[in-house]
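Sequence positions in the sequence shown follow UniProt numbering and run 1 to 189.
By construction, the Cβ of each residue, glycine as well, lies at the ideal position given by its N, Cα and C atoms.
Keep in mind the model is a prediction, meaning the values are calculated, not measured.
The structure appears right after this line, and notes come after that.
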Amino acid sequence: MNNWTWHRLRVFDAVARTGSVVAAARSLQMTGPAVSQHLRRLEAEVGSVLVERVGRRLRLTDAGHVLAGHARTVTRVVEQAERELAGHGDELRGTVRIGAISSAIRGFLLGRLRDYAHRHPQVRMCLRDGETVDHLRALHEDGLDMVVAESWHDQPSTIPRSAHVTRLHTEQARLVLPADHRLAGREAW
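Right under this line is the structure:
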């Protein structure tokens with residue numbers, strides 16, 4: 001019987017989803033060499049090559065595709081159990097995975113998360129910077145718990161139907177023109 005660990009399957013799941021050791025390492029807050037080592041050990045335990053290098057990306061082999069589906073299932077089940085068990089104490093605890101655009105992180109989010117972390121030290125927050133479309137995909141695939149997205153007039157179709165959208169922050173923009181510009185002083189919208 002193979003001794004696959006939950007952690008090793010979680011690492012493989014991240015590699016399978018991202019197609020990259022570097023991206024998987026970043027998402028798991030690990031080093032690239034540690035991810036590569038887990039991958040090599042898992043391949044040795046399975047007795048099959050799971051990924052092949054294609055340029056700078058990794059592509060799953062047939063065996064890799066078979067194991068990736070199971071690794072995703074195991075990862076989701078264990079993470080769900082962790083979330084459920086985290087609520088069985090007097091204190092909030094667990095990991096919250098948040099995706100946000102750079103401007104939100106630099107703007108209002110970082111300070112609020114820092115305050116929250118001081119009030120709830122048992123909650124670990126993993127903040128991922130990137131594009132909203134990628135974050136929404138990760139939310140749908142259970143790679144993120146929440147996404148802080150930019151405002152929009154019409155809700156994008158990339159938001160999963162099962163998602164709940166809440167207005168989080170209102171930002172007022174200002175139009176700045178030279179004082180002698182022909183549009184200065186006029187109604188902007």
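Return the first residue and the last residue of the alpha helix (DSSP H) that residue i is part of.
i    : result
T5   : Careful: T5 lies outside any alpha helix (DSSP H) and carries neither H nor E.
D145 : No alpha helix (DSSP H) contains D145, which DSSP labels as neither H nor E.
V34  : For clarity, residue 34 is Ala in the given sequence; the question names Val instead. Element bounds for A34: G32 to V46.
L28  : V21 to L28
Should residue i be labelled buried (16 or more other beta-carbon atoms within 10 Å of its own) or exposed?
i    : result
V147 : buried
L28  : buried
L67  : buried
V133 : exposed
L110 : exposed
T31  : exposed
T18  : buried
R97  : buried
G69  : exposed
A100 : buried
A14  : buried
A149 : buried
H164 : exposed
A34  : exposed
A16  : buried
H118 : exposed
Which of the three DSSP states, helix, strand or coil, is assigned to residue i?
i    : result
G99  : strand
V54  : strand
M1   : The pLDDT assigned to M1 is 44, lower than 50, so where the model puts this residue is not dependable; a value taken from the coordinates is nonetheless given after this. If DSSP states are grouped into helix, strand and coil, M1 belongs with coil.
V165 : coil
A179 : coil
I159 : coil
A188 : Any reading at A188 must be qualified, since the residue scores a pLDDT of 49, below 50, and its modelled position is unreliable; no value is offered.
The beta strand (DSSP E) with residue i in it runs from where to where?
i    : result
V123 : V123 to D129
Are the CB atoms of residue i and residue j nearer to each other than 7 angstroms?
i    : j    : result
A104 : L9   : no
W6   : V54  : no
R83  : D142 : no
F12  : L42  : yes
S48  : A63  : yes
R124 : T95  : yes
V46  : L60  : no
S102 : D129 : yes
S36  : V22  : no
For residue i, which beta-bridge partners are listed by DSSP?
i   : result
G94 : V123
Q60 : In the sequence on display, residue 60 carries Leu and not Gln. DSSP output for L60 lists V51 as bridge partner(s).
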